[in-house]
Amino acid sequence: MKSSFFPLIILTAIIFLRRLNPTEAATCHPDDEAGLLAFKSGITRDPSGILTTWKKGTPCCSWNGITCLTGDRVTAISVGGQADVAGSFLSGTLSPSLSKLKHLDGIYFTDLKNITGPFPQFLFQLPQLKYVYIEHNRLSGPLPTNIGVLNQLEAFSLEGNRFTGPIPSSISNLTRLSQLNLGNNLLTGTIPLGIANLKLISSLNFGGNRLSGTIPDIFKSMTNLRFLTLSRNQFSGNLPPSIESLAPILRFLEVGQNNLSGTIPSYLSKFKALDTLDLSRNRYSGIVPKSFANLTKIFNLDLSHNLLTDPFPVLYVKGIESLDLSYNRFHLNTIPKWVTSSPIIFSLKLAKCGIKMSLDDWNPAETYYYDFIDLSENEISGSPARFLNETKYLVEFKAAGNKLRFDMGKLTFAKTLETLDLSRNLVFGKVPATVAGLQKLNLSQNHLCGKLPATKFPASAFAGNDCLCGAPLSPCKV
Ligand SMILES: *[C@@H]1O[C@H](CO)[C@@H](O)[C@H](O)[C@H]1NC(C)=O
Ligand SMILES: *[C@@H]1O[C@H](CO)[C@@H](O)[C@H](O)[C@H]1NC(C)=O
Ligand SMILES: *[C@@H]1O[C@H](CO)[C@@H](O)[C@H](O)[C@H]1NC(C)=O
Ligand SMILES: *[C@@H]1O[C@H](CO)[C@@H](O)[C@H](O)[C@H]1NC(C)=O
Ligand SMILES: *[C@@H]1O[C@H](CO)[C@@H](O)[C@H](O)[C@H]1NC(C)=O
Ligand SMILES: *[C@@H]1O[C@H](CO)[C@@H](O)[C@H](O)[C@H]1NC(C)=O
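Residue numbers for the sequence shown, in mature numbering (1 follows the signal peptide of the UniProt record, and there is no 0): -25 to -1, 1 to 453.
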């Protein structure tokens, strides 16, 4: 589940807009200039020229990423790489001389990818600092035990580094925080109980670490919490009772990929603002509470890879965007009506859900937004041809292990399709040349015949058919 940190995006946007405001001061304070130039000299590689404008003797308030809101003093450094561009990075370390920038209230070092070194101690020498985002770099080592001294911070993100060891208990002193994001590091140990002191917190992310133990019962005091991500750790037990107190406002609850067990708490159905619920890849058992019918605002629901059993409740959502119920113990028989009728669905995953219908009888209200479909390991018959022909932006269609029976030679699909898995079905006819444009293909164990078109796929993608021939299988007989 992606894109959960809207507050960060909004804040970044505000900072960006503030930067568009031209800064009056021509020159900057000598301490600030010295600190920034020392930072630059700690950078050993800057292939995309992020710091090119940082030149001694030129007004540092107008350097790329520098904001001066109070006269000649630098108040924010915002140096970011482009997330998906490999050549957009900085190598080197964060110079301790940044402590000279005494008026800094915001530090944004994001997606620089190759900044190394330990936790930056200079943060302790910047009394006005309120916003720290050091994300997607390679900082490592432990978090300092006295981290709670930074109690003026309002937003703190170290997402996507390689910090190890425990979350220091002094973090409970960061009581002004509205955002805390330690996601995607290598942190171990348990969540400190003192986190309960963070009463202003609206977004809390510890996802993608190696945290363990039970999720502590700390949420009662967090009356502003809207985003909670604890996914991809080793938490066990069930959700703690105090989560229920978040019902009025919580929008994102992500606890997938842990070791949570028990039954899904029925109080979750009281979460009137819940947009995203991810309980996937845990060991939840029993039924999904009937009261989930009341989750009318839910857009993204992922309950996949648990041990959940029938009956699955009917939901009265206006439109689900993404649904994954795969690999439980459900016997849904058909694709539920409330799914088929969604006007906005882009991802539908119902693998091994005991579906026995014919795709010829499936008439989704809207096919336009579909990106991902996984109907593998069911007993689905008929043909996906009509549906595939209607989608415009489909990226993935997986339906391995069903009873689909149709002429592959006549299949048309969106140009955007990357993955097509139809293995272990009853598909007949020839393999069309259009499959060559896919990135992943599996047509093994069907009844296909004839000469294969030239593709990059291995023999296992075509194995077990009736009479396919040509590379990568054996040559066709003349
Ligand atoms: C990343 O930084 C390390 C250490 O500074 C350096 O050895 C490595 O070459 C850098 N990687 C790239 C792609 O520049
Ligand atoms: C929090 O701060 C107070 C006052 O500065 C201090 O006495 C206390 O030890 C700190 N708590 C932790 C857990 O560090
Ligand atoms: C998962 O939790 C159970 C207890 O509920 C425990 O016995 C088991 O060792 C845990 N597994 C992992 C991989 O942590
Ligand atoms: C939905 O909520 C209403 C009021 O909050 C409650 O009376 C009703 O029983 C709930 N529906 C289900 C199916 O639990
Ligand atoms: C695919 O759709 C087009 C119109 O959008 C139609 O002309 C064509 O016959 C369809 N092909 C198949 C195989 O259904
Ligand atoms: C295709 O699927 C079969 C089983 O369904 C599997 O054994 C084979 O490795 C797969 N091949 C590819 C290329 O994914």
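Note that CB positions come from ideal geometry on N, CA and C, so glycine has one too. In this text, all values refer to a predicted model and were calculated from it rather than measured experimentally.
Per DSSP, what kind of secondary structure is residue i in: helix, strand or coil?
i      : result
Gln154 : strand
Ser398 : coil
Asn281 : coil
Asp382 : strand
Ser419 : coil
Gln100 : helix
Thr27  : coil
Phe202 : strand
Ala130 : strand
Gly140 : strand
Ile82  : strand
Glu110 : strand
Hey, is residue i close to ligand 3, as in C-beta under 7 Å from one of its heavy atoms?
i      : result
Asn234 : yes
Ser217 : no
Ser211 : yes
Grab me the residues of residue i's own chain with a C-beta within less than 8 Å of its C-beta, minus the 5 sequence neighbours each way, in chain order.
i      : result
Gly62  : Pro22 and Ser23
Val60  : Ser23
His280 : Ser255, Arg256, Asn257, Ser301, Tyr302 and Asn303
Cys424 : Phe403, Gly404, Lys405, Asn440, Asp441, Cys442 and Leu443
Ala411 : Pro428, Ala429, Thr430 and Lys431
Would you say residue i and residue j are within 8 Å of each other, going by their C-beta atoms?
i           : j      : result
Phe274      : Asp253 : no
Pro90       : Leu69  : The question names Pro, yet the displayed sequence has Ile at residue 90. The answer is yes: Cβ separation under 8 Å.
residue 478 : Ser449 : Since the displayed the chain opens at -25 and closes at 453, residue 478 lies outside it and no answer follows.
Leu276      : Arg304 : no
Ser351      : Phe381 : no
Pro71       : Gln96  : yes
Phe210      : Gly183 : no
Arg151      : Glu129 : yes
Leu149      : Thr163 : no
Ser177      : Arg201 : yes
Val263      : Phe287 : yes
With a threshold of 7 Å, establish whether the CB of residue i neighbours any heavy atom of ligand 6.
i           : result
Asn377      : no
Pro428      : no
Phe432      : yes
residue 463 : Coverage of the chain is limited to positions -25 through 453, which leaves residue 463 absent and any answer about it impossible.
Ser419      : yes
Ala411      : no
Arg399      : yes
Ala436      : yes
According to the neighbour-count rule (16 or more other Cβ atoms, all chains shown, within 10 Å of its Cβ), is residue i buried or exposed?
i       : result
Gly81   : buried
Gly46   : exposed
Cys43   : buried
Arg20   : exposed
Gly32   : exposed
Ala58   : exposed
Glu(-2) : Any reading at Glu(-2) must be qualified, since the residue scores a pLDDT of 44, below 50, and its modelled position is unreliable; no value is offered.
Leu325  : buried
Ala408  : exposed
Asp336  : exposed
Pro311  : buried
Asn338  : exposed
Kindly examine ligand 1 and report whether one of its heavy atoms sits closer than 7 Å to the Cβ of residue i.
i      : result
Thr19  : yes
Ser279 : no
Asn112 : no
Gly67  : yes
Ligand 7 and residue i: does the residue's C-beta get closer than 7 Å to at least one heavy atom of that ligand?
i     : result
Thr91 : As for ligand 7, it is missing from this structure, which binds only ligand 1, ligand 2, ligand 3, ligand 4, ligand 5 and ligand 6.
Any Cβ of chain B within less than 8 Å of the Cβ of residue i?
i      : result
Tyr343 : Reference to chain B is not applicable here, since this structure consists of a single protein chain.
Tell me which same chain residues have a C-beta within less than 7 Å of the C-beta of residue i, skipping the five on either side of it?
i      : result
Ala171 : Ile193 and Ser196
Just to confirm my understanding: we take residue i, look at its own chain, exclude 5 residues before and 5 after, and list those with CB closer than 6 Å. What are they?
i      : result
Thr387 : Asn364
Ile122 : Pro143, Ser145 and Ile146
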